[in-house]
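For reference, the structure discussed in these notes is given below.
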Amino acid sequence: MSLPRKKMTDNFPGCPVEAALGFLDGKWKGVILFHLMGGTRRFNEMRRLMPNITPRMLTKQLRELEDSGLISRTVYPVVPPHVDYDLTELGKTLEPVVRALHSWGLRHVACKDNRLETSVEPLEGHNF
Numbered sequence: 000m001s002l003p004r005k006k007m008t009d010n011f012p013g014c015p016v017e018a019a020l021g022f023l024d025g026k027w028k029g030v031i032l033f034h035l036m037g038g039t040r041r042f043n044e045m046r047r048l049m050p051n052i053t054p055r056m057l058t059k060q061l062r063e064l065e066d067s068g069l070i071s072r073t074v075y076p077v078v079p080p081h082v083d084y085d086l087t088e089l090g091k092t093l094e095p096v097v098r099a100l101h102s103w104g105l106r107h108v109a110c111k112d113n114r115l116e117t118s119v120e121p122l123e124g125h126n127f
């Protein structure tokens, strides 16, 4: 999680929003949380769900989400290693936020010719 700069933490009216967004900063954290809302996932399963993320970046984002208390990591002492990721109770409290972002994306963002298009009006026939 990105830590807010000191000068922005004292009496800053946007602090709760800034703090909440700090948990979701980066390209992948919201996507990871979205996929974990479907239940426990293993590392390679997450990789298949997000083919554009590198293993290094996935590991980094998972560690940051674990450090912030949003996901749990369970390691099973077997060979080959078996590691499960799941939402914690705190992580589950973000489900309405992530679902709202998902709904907004479905209504207002479309991928056309490998470019993102946005619209104030709900889009029809999007392929997202």
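In terms of numbering that gives the first Met the number 0, the sequence shown is numbered consecutively and its last residue is 127.
Note that beta-carbon positions come from the ideal geometry of N, C-alpha and C, so glycine has one too.
Owing to the predicted nature of the structure, the values given are computational and were not obtained by experimental measurement.
Straight-line measurement puts the Cα of residue 14 at about 44 Å from the Cα of residue 79. DSSP links residue 109 through a beta bridge to 116. The shortest C-alpha to C-alpha distance from residue 43 to any of 27, 94 and 82 is the one to 82. The C-alpha of residue 104 is placed about 11 Å away from the C-alpha of residue 110. Spanning the alpha carbons of residue 37 and residue 108 requires a straight line of approximately 22 Å.
Residue 95 and residue 32 have their alpha carbons spaced roughly 11 Å apart. Around the beta-carbon of residue 63, 16 or more other beta-carbon atoms lie within 10 Å, marking it buried.
Distance from the CA of residue 40 to the CA of residue 90, rounded to the nearest whole angstrom, comes to 14 Å. Within the same chain, 87 and 89 come within 7 Å of residue 68 by CB-CB distance, once the 5 residues on both sides are set aside.
Sixteen is the threshold: since fewer than 16 other Cβ atoms of the shown chains lie within 10 Å of the Cβ of residue 26, the residue is exposed. In the DSSP assignment, residue 85 falls within the beta strand (DSSP E) that extends over 81 to 86.
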